[in-house]
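Asks: The structure's right below; bear with me while I get my questions together.
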Amino acid sequence: MGKEIILSLKGLCKTFGPTKALDDVSFDIYRGEIRGLIGENGSGKSTAMSVVTGIHRKDGGEMVFNGEEYNPADLLSANQSGISIIMQEMNTIEGLTVSENIFLGHEKDYLVFGFKNMGMMNAAAKKLLEEYGLDEIDPSLDIGHFSFEERKMIELVKAVNFEPQLFIVDETTTALSQDGREKLYGIMKRLKEEGRSVVFISHDLPEVLQWCDTITVLRDGKFIDTVEKSSVDEDDLKRLMVGRELGEKYYREDYEKFEGSEKVLEIKSITIPGVLHDISLDLHRGEILGIGGLTDCGMHELGKVIYGAEKNYSGKVILSGKNVEITDIKQAIDLGIGYVSKNRDQEALMLYSSIRDNICLVCLDDLERGIHISDKTEKSFSEEFSKRLQVKMTSVEQFISDLSGGNKQKVSVAKWLAKGSDILILDCPTRGIDVKVKAAIYELMEELKERGKSIIMISEELLELIGMCDRIVILKHGAISGDVERKKDMSEEELIDYMI
Amino acid sequence: GGQQESGAAADDTVKIGVSIWGYTDALGTKVYNFLNYAADALDAEVEFVATGFDTEQTVASIENLVASGCDAIIVCNSSDGVMPKLIKICDDNGVYLAQFFRKIADPEVLKIAESSKYYIGTTHEDEISTGYNLGKALAEKGVKTTAIISWNHGDATAEDRYTGYKKAFAESGIKILAEQWEIMVAEESAKAAESFMAAYPNLESIVVTGGSGEPLAGAVSAVENRGMTGKVQIVSTDFIPTLREDLASGRISAMSGGHWTDPFFSFMLAYNTVVGGYDADGWEELLMDMVYVSSAEDYDNYDKWFNGDVPPYTTEEIQNLAYTFNKNHTIGDLKAAAAAISLEDVMKRHAGMIK
Amino acid sequence: MKELKYILLLICVPLAVYIVFSIMQPENFGSLNSILMLIQQCLLPSLAAFGFYFIITMGLFDFSIGANIVLSGIFGVMLSRSMGYAGLILGSLVCSAAIGFLNGIIYTRLRIPSIIVTVGLLMIYECFGKFLSSESVLSLDKSYRMLGSAPQNIIVSAAAMFVAIFLLKYSRIGTYIRAIGNNENIARNMGIKVDRYKVIGFLICGLFAGITAILTVSYSSSVAAQLRMSSMDRNFTPIMGCFVGLALKKYINPIIAIFIGEFTISLLINGLMTNGIDSTLQKVITGSFLLIIVSFTSYKNKARVVK
Amino acid sequence: MKELKYILLLICVPLAVYIVFSIMQPENFGSLNSILMLIQQCLLPSLAAFGFYFIITMGLFDFSIGANIVLSGIFGVMLSRSMGYAGLILGSLVCSAAIGFLNGIIYTRLRIPSIIVTVGLLMIYECFGKFLSSESVLSLDKSYRMLGSAPQNIIVSAAAMFVAIFLLKYSRIGTYIRAIGNNENIARNMGIKVDRYKVIGFLICGLFAGITAILTVSYSSSVAAQLRMSSMDRNFTPIMGCFVGLALKKYINPIIAIFIGEFTISLLINGLMTNGIDSTLQKVITGSFLLIIVSFTSYKNKARVVK
Ligand SMILES: Nc1ncnc2c1ncn2[C@@H]1O[C@H](COP(=O)(O)OP(=O)(O)OP(=O)(O)O)[C@@H](O)[C@H]1O
Ligand SMILES: Nc1ncnc2c1ncn2[C@@H]1O[C@H](COP(=O)(O)OP(=O)(O)OP(=O)(O)O)[C@@H](O)[C@H]1O
Ligand SMILES: [Mg+2]
Ligand SMILES: [Mg+2]
């Protein structure tokens, strides 16, 4: 491989208020390679790439792209220079059609005497979508008609359509089904074969090792190393990311059969037309119940039903001890059920509010003295729990929006610890979280189990289900297709069989 | 004019449209009742449309009254500027148009009105004289300093009264210490009055030029709260429900108002023109003066003679002002009647009718 | 077919209003002539609403439209005295564009909520109108009133409507404005100069207010300064129309929906007037009627641009 | 220390205004007496602003505050005639609470933007006031005006201020309302009955308008119905005060900031008045002054509750 540099970052710096997101980061990306970019949550991966794509302005350092000094004013000009990105967050705009989204900022190719020729635009979009096997998407429809995954795929098509020299994929795979992932990998491979370059950000190390040629590691906003794929294994990468040996312990190590203790929750014939079909389950004291399956198998909705957040379903969720049916969120919380949403920023945390407010919000019953809630109590209360989860923060008055993903997740969990919930529903609790925080969350789950709390763990990652759960239920098309007890030598394949 | 073909002949009842700001408020109700009384006396029809002083609504109200078959319309227009449009509608449809409570100040609009065949005139109060008389009333009480609270700059009525006051003050050597305009509600007026008293300890009087009673009430209250009743004298225009008590206790020193008969004269102007009593080619300006009260006794008289069971004009008197009943009646008689109306006038005409 | 349902609604509601009043007042309501009059009457708020729609689509508000109409009208009438039609038209348009631009610039610079900016500025515009028109009422000379009557007013409005539809659906400006309305952050990430397009939105809104001003002074042949926020009253009908447009935008072209909405309002007001309903009560009934219509058609999801 | 900077600002701005006018008009401005008077004058808009703050924190608007004050005042005065103080106080409070409740219920039920709901309803409240008060001006009997003057008005206001601070910062209602303002969906997920607390917010806002109404009619001893949205004018000063509160909420207690803001406005208006500045110009100056203050203090990020 002729090692021609396509993009060179030199001494890049970027700060957000008190956070040094990028601290003198320098590395080169070569033409025709797939470069993995890994690091813990908040290590600066997204920031580095948003500086490269003009979304954020760098504070210092320089960038050289194709041999020329490069300083994009915004995403559009980065696109024009030949760099495109699929971002972590959703980046399509509802209210515009699919074709308007695809060509946003590039309308001038479709202007006829100042008129936007929608026919032409739709046809071009259609052709493009078909190229990527997305025949079923009608480009003249509002993009709001489509699912998260379809929209990600549309974004993908849009990003590749610019024929970029450098294509950046920021943590997209977790949002995609296997099929979508295959398409993405295919595109990455094709681009590489055409002599273009790809930067691939993911927390899924095996995936990174499978597809990347070289891997760059960031830690705390600093460049650590760039390594050849062939010279490292998963543990090496982890060590580079975390900066020390990880303890041996990761998942649970006990494999005794869970002795059915008292029932705490009964789920009876839950049905949501077209989503869930006649689901019945029991949860016991001290049990970790895993629910797995493909993203759209209905497991996320099931979590919401149990939490009382879903309204249109038939069947019952009954809290066994008190023998009451759970019908709404407030009641669920009061009865000791906590729910950690998969969509942290949209459903779980008030971003522009302090850690303290977020933790205390569900705990007012315990903090109220008469009708008075004192400042001091709130402060010490929230400090206690954020410290217990080792949230990296300046103080509990810090806004959630200033925390990195992993720390946000910790606050999201801390809230329920503080509330003292007996039953926790964790929906993808480790999504997009680095190994260190993951380990902390697993450890916490074990501790809770020992204290007699019950956990429903909903996850798309089979390994963590296998590693953590006493019992795993697999859903397929909204119905239970598999139900296995904890055992030492369970394999992923066994579960996948139930899923598809 | 072409009065004969314009409807009076078609069916025998004369129909007069009234475009008014509203007819459920205190003043509007009085107008509504009195015009209905007059219409009964004359066997005429009257139709009211409320506009809320909104320009577009005023235009629409005239369009609608024309459509509903009125022979003439009297209007309290929202502004001078809307008149050309109203006149045009009336000209196009052959319907007479008179104003009440208003005059046309804008010379250009006036030209248009003068050249119209169907614009027949207006009734309004002499506002300069109102201000002047009340200013003089203050001078008589020995006041040396004053402050003015008024509503909009640019409002013809407010400006005229202001002019009258200034003239009286200049003649009598009264000094205007401060003024505050655009006061429409009670507490704004109270704030202004309070501020005046705080800033100028030598303030002896406050003029509230008008504004339908609210600003007056605020100023009275502020003066009272400061314990300055009588030391700071208040004059204003437009009678309020508590006026009698206010005059008796000295909270208010002098007041003009009671001019709600104004639309009646425009109504008669319109009626007589429709039935062919007046020459429709020109236009007429009917001036009337307000009723002045400066003591509880004055007010009692007003209440008795204007608001009692016998209206200021009785059925016979109204018929006497109508060409259909009195072929000798001329526009000169109507003008004289408008100019004459006052407490004394009614007391004289109705002496013996009221106990 | 959801579309069909809403299109039917848009046809049936005015029809129902028409029929009800025709039965109540067969003689005085609903002649062809008066329908024509109503169409002309509803042009004015419709035009203002078209412009306002560009703002409200972005989740912003402009309460200075009424003040803009008044000030631009005053400006136009004053210039017409020396420059005739050119003065009237250019005067109004330039003034209204300047106001729109100023709103936009101040909003984007100061970063205060648009409601507050425009309410604050409207007071300034109102006062400015007062200073300009030292006479209490400015009347437009008889020889320049052509645009106030049919068919000229209809032609101008139809042209403006066409421009609004074009800008909103078939131009880059419209696409960007819709994008900003749906998600400002993403739009910014996509390289759209959000602030610039917000200013453009205000500018468009201002210009439509200017066109409204021209037709308003031509229709009522005069204009007077309004003070103490009384110009706010003029915002209400356009805003209501906009909400009809917003509510139905998924199903039919919002500009057309606005026009039909405004027509229905005119129909209703006229019917109430013919039935001798007090003007205050008219507003109450109209207001309630619209609240109900909007709430029926309102498309209840998180995408609502205005809380 | 950012806090310090903003606290200084809150002290220095009114001080500067005071000093400037004292130099310009040493005789007629700024005696201790008149400062006391100004403090009393700014109580009224402050009280209305305290209530409004609960609404605006949730990103909602209530334009019916002015109409609420008028209608509740009318109601209170009418009841005072038969029931004395009890009638005045209960009448105003019950009426204002009912209005607030109605606003909230209609807003949460219809799911139309709060601006539109409250503008629509304010017209209804205005008309209702008109129907109730057939006389043009209702005056409050002399024997029931005690609450209009010092120290009673100061005591009532201080108590109301205390309640506002407590509710906002140290009660569940305030916490929930702030959470809803931050992110409604998340608040809902945390088990907060969002609609219920929105109604409560409107109710609180209404009640504060009721207290304002009591003090207003006691102060000016009379009240009259206002029509054609003229009650809107009464909203402006409270809204401005609220924006001062919103702008500074990160640094000092917003309720206190509101009060100081309102005091500064009173000071400014009084100074301009004493200097014989035309009232139109007064409004312009006050408006611009506030826009500038708010934009200086405005904390510029995505957390803004109102666009
Ligand atoms: N817009 C921003 N404002 C403030 N801080 C930010 C912003 N964006 C990122 N940060 C902070 O900068 C640091 C680096 O964030 P970045 O998004 O680059 O991390 P990352 O490596 O992408 O992490 P993850 O794996 O979780 O995506 C974090 O501490 C984060 O909180
Ligand atoms: N102050 C801030 N303002 C805006 N965005 C911020 C801020 N702080 C953090 N962010 C967002 O959060 C991200 C930084 O956190 P991080 O990348 O750790 O997120 P994350 O949620 O862990 O991602 P994922 O969990 O999907 O890997 C940035 O990409 C940025 O978009
Ligand atoms: Mg990232
Ligand atoms: Mg991340």
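In the order they appear, the protein sequences are chains A, B, C and D.
Just so you know, we're using our numbering here: the first sequence kicks off at 767 and counts up by one.
Just so you know, we're using our numbering here: the second sequence kicks off at 21 and counts up by one.
Just so you know, we're using our numbering here: the third sequence kicks off at 279 and counts up by one.
Just so you know, we're using our numbering here: the fourth sequence kicks off at 279 and counts up by one.
Backbone N, C-alpha and C define an ideal beta-carbon position, used for all residues, glycine too.
Chain G beta carbons: is any one of them nearer than 8 Å to that of C405(C)?
Replies: Among the chains of the structure shown, chain G does not appear; the protein chains present are A, B, C and D.
Asks: Per DSSP, what kind of secondary structure is A437(C) in: helix, strand or coil?
Replies: Helix.
Asks: Hey, how far is the Cα of I482(C) from the Cα of E540(C)?
Replies: Cα to Cα, I482(C) sits roughly 20 Å from E540(C).
Asks: Would you identify the three-state DSSP class for G27(B), choosing helix, strand or coil?
Replies: With a pLDDT of only 42 at G27(B), under 50, the local geometry of the prediction cannot be trusted, and no value is derived from it.
Asks: Any C-beta of chain A sitting closer than 8 Å to the C-beta of I334(C)?
Replies: Not closer than 8 Å to any Cβ of chain A, the Cβ of I334(C) fails to qualify, so no.
Asks: For my contact list, V993(A) and T980(A) are in at a C-beta cut-off of 8 Å; report their separation, rounded to the angstrom.
Replies: Their Cβ separation, rounded to whole angstroms, is 7 Å, which keeps V993(A) and T980(A) in contact under 8 Å.
Asks: According to the neighbour-count rule (16 or more other Cβ atoms, all chains shown, within 10 Å of its Cβ), is M1159(A) buried or exposed?
Replies: Under this definition M1159(A) is a buried residue.
Asks: Report the option in N463(D), F353(D), G554(D), G407(D) whose CA atom is closest to the CA atom of A219(B).
Replies: Per the Cα distances, G554(D).
Asks: Only counting the same chain, and skipping five residues up and downstream in sequence, which positions put a Cβ closer than 8 Å to that of D901(A)?
Replies: So the list reads L895, once near-sequence residues are dropped.
Asks: Name, please, each residue of chain A whose Cβ falls closer than 7 Å to the Cβ of G607(C).
Replies: Shown here, chain C extends from 279 to 585; a query on residue 607(C) therefore has no answer.
Asks: Could you say which of N807(A), G777(A), T785(A) lies nearest to K1176(A) if we only look at CA atoms?
Replies: Checked all of N807(A), G777(A), T785(A); the closest Cα to K1176(A) is N807(A).
Asks: Below 8 Å, can you find three or more Cβ-Cβ pairs linking the segment 487 to 499 of chain C to the segment 385 to 399 of chain C?
Replies: The segment 487 to 499 of chain C, when compared against the segment 385 to 399 of chain C, does not touch it at the 8 Å Cβ threshold.
Asks: L1267(A) to E1226(A), Cα distance in whole Å?
Replies: Any answer about residue 1267(A) is impossible in this case: the structure gives chain A only from 767 up to 1266.
Asks: Could you check how far apart the C-beta atoms of F326(B) and V294(B) are, in whole angstroms? I think they sit under 8 Å.
Replies: So it is not a contact: roughly 28 Å between Cβ atoms.
Asks: Note down the Cα distance separating S1148(A) from V1157(A), rounded to an integer number of angstroms.
Replies: Roughly 11 Å separates the two Cα atoms.
Asks: Taking CB distances under 8 Å as the criterion, tell me whether T33(B) reaches chain C.
Replies: Not closer than 8 Å to any Cβ of chain C, the Cβ of T33(B) fails to qualify, so no.
Asks: For M356(D), does the count of other Cβ atoms within 10 angstroms reach 16, so buried, or fall short, so exposed?
Replies: Label assigned to M356(D): buried.
Asks: E268(B) to S315(B), Cα distance in whole Å?
Replies: The sequence given here has Ala at residue 268(B), not Glu. C-alpha separation (whole angstroms): 6 Å.
Asks: Look at the Cβ atom of E468(D), then the Cβ atom of A457(D), and state whether they are nearer than 8 Å.
Replies: Reading the sequence as shown, one finds Met at residue 468(D) and not Glu. Yes, they are a contact pair.
Asks: With three or more beta-carbon pairs closer than 8 Å as the criterion, would you say the segment 1081 to 1101 of chain A touches the segment 448 to 456 of chain D?
Replies: Contact between the segment 1081 to 1101 of chain A and the segment 448 to 456 of chain D is absent, because fewer than three Cβ pairs lie under 8 Å.
Asks: List, in chain order, every chain C residue whose beta-carbon is nearer than 7 Å to that of F1165(A).
Replies: Ordered by position in chain C, no residue passes the 7 Å Cβ test against F1165(A), which lies about 17 Å from the chain.
Asks: If you count every other CB in all the chains shown that lies within 10 Å of the CB of S997(A), and 16 or more means buried, which is it?
Replies: Exposed, since its Cβ has fewer than 16 Cβ neighbours within 10 Å.
Asks: So, helix, strand or coil for F989(A), using DSSP?
Replies: F989(A) falls in the strand class under three-state DSSP.
Asks: Taking only runs that begin and end inside the segment 385 to 448 of chain C, name each unbroken alpha helix (DSSP H) of 4 or more residues, in chain order.
Replies: Listed in chain order, the complete alpha helix (DSSP H) runs (minimum 4 residues) inside the segment 385 to 448 of chain C are 392 to 410, 430 to 448.
Asks: Along the beta strand (DSSP E) that carries E1251(A), what are the first and last residues, could you check?
Replies: First-last of the beta strand (DSSP E) with E1251(A): 1245 to 1251.
Asks: What span of residues does the alpha helix (DSSP H) with K50(B) cover, start to end?
Replies: 46 to 62 is the span of the alpha helix (DSSP H), which, as asked, contains K50(B).
Asks: Taking a Cβ distance cut-off of 9 Å, strictly less, list which residues of the segment 374 to 390 of chain D are near chain C, in chain order.
Replies: Those would be I384, R387, L388, R389, I390, in chain order.
Asks: Output the residue ranges of the beta strand (DSSP E) runs that lie fully inside the segment 451 to 539 of chain D and measure 3 residues or longer, sorted by chain position.
Replies: 500 to 502, all fully within the segment 451 to 539 of chain D.
Asks: Going by beta carbon distance, what residues of the same chain come within less than 6 Å of S411(D), once the five residues before and after it are set aside?
Replies: For S411(D), where only same-chain residues beyond five positions count, the Cβ hits under 6 Å are I352, A503.
Asks: Give me the Cα-Cα distance between M401(D) and S566(C), rounded to the nearest whole angstrom.
Replies: One C-alpha to the other measures close to 10 Å.
Asks: Where do the ends of the beta strand (DSSP E) carrying F68(B) lie?
Replies: It spans 65 to 70 - the beta strand (DSSP E) in which F68(B) sits, taken as one unbroken run.
Asks: Would R1135(A) be called buried (16 or more neighbouring beta carbons within 10 Å of its own) or exposed?
Replies: With fewer than 16 other Cβ atoms within 10 Å, it is exposed.
Asks: Just curious, the beta strand (DSSP E) that K35(B) is in, first and last residue?
Replies: From DSSP, the beta strand (DSSP E) with K35(B) extends over 35 to 40.
Asks: Using 8 Å for Cβ pairs, my map puts Y898(A) next to V864(A). What's the rounded Cβ distance?
Replies: Not quite, the Cβ-Cβ distance comes to about 13 Å (not below 8 Å), so this is no contact.
Asks: Could you list the residues in the segment 500 to 511 of chain C with a C-beta less than 8 Å from some C-beta on chain B, going in chain order?
Replies: The segment 500 to 511 of chain C vs chain B, Cβ under 8 Å: S500, V501, A502, A503, L505, R506, D511.
Asks: DSSP has G369(C) in a bridge; who is on the other side?
Replies: DSSP, once it has assigned bridges, lists no residue as partnering G369(C).
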